[in-house]
Structures are given as structure tokens and as C-alpha cells.
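The opening residue of the sequence shown carries number 1 in the working numbering; numbering runs sequentially from there.
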Amino acid sequence: MLSSNEKKIQQIDSNLEHLREDLVRFYSAFSTSPKETMANVLVAYEILMANPLTTDELRKAAYKVREFTTVKAMSVFGTSVNKDSAIEPGDTYQSSIDELGKAYRQVVEEQNRRRDSMLNGKSQKTILKLFRK
């Protein structure tokens, strides 16, 4: 039977795995067809937003990537679309992708700190039990 900490650690691992899959889906949404890319990115974006580990920073970066993709895809069809106000002066598609990667790494690092803290707490409790015997 798993302890409460072990269950929490398993949940962290599971959440991180799902976030990784969601981000891979988002990155994999791009194809040579602008119409298909736009549809895939919109769906992948919504899936990523539903992930419980998605932070405000990750949301903001993913939104920028989604907006850049929409603007680019629509321009291929001859439709002019104004950039959303979330796109700040100096933002580029590449800088938004970089922000997305950075925000993802921050989530992973935070979850790994939580996991390590739980593991260290368990190790300390085990050591204390051994000394009490």
C-alpha cells in the first residue's frame, strides 16, 4: 500500500507526463497546410489550457503562439487579421516559442522541487525511525 507522500509523488509524475504530452501535441500541430495548422493549433491550445499544471506564464506564451499562427494562416488566405493586444511590441513568433519553452521548464522545475521535498521528507523520517530503534 502506498503512503500519502508516495501517492502525491505519483500524481506529480503523472501530471508532468500529461503536461509534456500536451506540449508535444501543441508543438506537433504545425503542418504545411495553413488551414490544418490553424485548426490543430487551436485544438492543441485548448487541451493545453485544460491541464491543471498550466501556469499564467505558460498560458500567456501559448496564447501568443496561437495568435501568431492565426495571423500567419489567415494572411495566406488573403485575410488581414490584427494582432491581439497580448502581442507586445517586439514580440516575434520565435520569441513566443522561446517563452513557451521557458514557462514549461519553470513548471517542471517547480514540480521537481515539490517532488524532491517530499522525497527528502520521507528519507528524513526513515532515518529518524532507524535512530529511535
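No residue lacks a Cβ here, since even glycine has one placed at the ideal position from N, Cα and C.
Every value quoted in this text rests on a predicted model; they were computed, and no experiment measured them.
Per-residue burial, residue i [other beta carbons within 10 Å of its own, 16 or more giving buried]
i, result
"residue 76", "exposed"
"residue 92", "exposed"
"residue 32", "exposed"
"residue 3", "exposed"
Contacting residues, own chain, Cβ-Cβ under 6 Å from residue i (five flanking each side not counted)
i, result
"residue 16", "111"
Pair within 7 Å by beta-carbon distance, residue i and residue j
i, j, result
"residue 34", "residue 73", "yes"
"residue 81", "residue 71", "yes"
"residue 55", "residue 107", "yes"
Distance between beta carbons of residue j and residue i, contact taken as under 8 Å
i, j, result
"residue 61", "residue 44", "Going by Cβ atoms, the distance from residue 61 to residue 44 rounds to 14 Å, so no, they are not a contact pair."
"residue 69", "residue 37", "6 Å"
"residue 40", "residue 19", "Not quite, the Cβ-Cβ distance comes to about 18 Å (not below 8 Å), so this is no contact."
Pick from the options that is closest to residue i, judged by C-alpha positions
i, options, result
"residue 94", "31, 106, 38, 67", "67"
"residue 99", "53, 14, 8, 63", "63"
"residue 97", "58, 21, 46, 53", "58"
Cβ shell of residue i (< 7 Å), same chain only, five flanking positions each side left out
i, result
"residue 23", "48, 104"
"residue 118", "5, 8, 9"
Same chain, Cβ closer than 8 Å to residue i, neighbours up to 5 away in sequence not counted
i, result
"residue 115", "9, 12, 13"
"residue 90", "none"
Residue i: CB within 6 Å of a non-hydrogen atom of the ligand PLP
i, result
"residue 59", "Inclusion of the ligand PLP in the displayed structure is not the case, the ligand content being empty and no account of it being possible."
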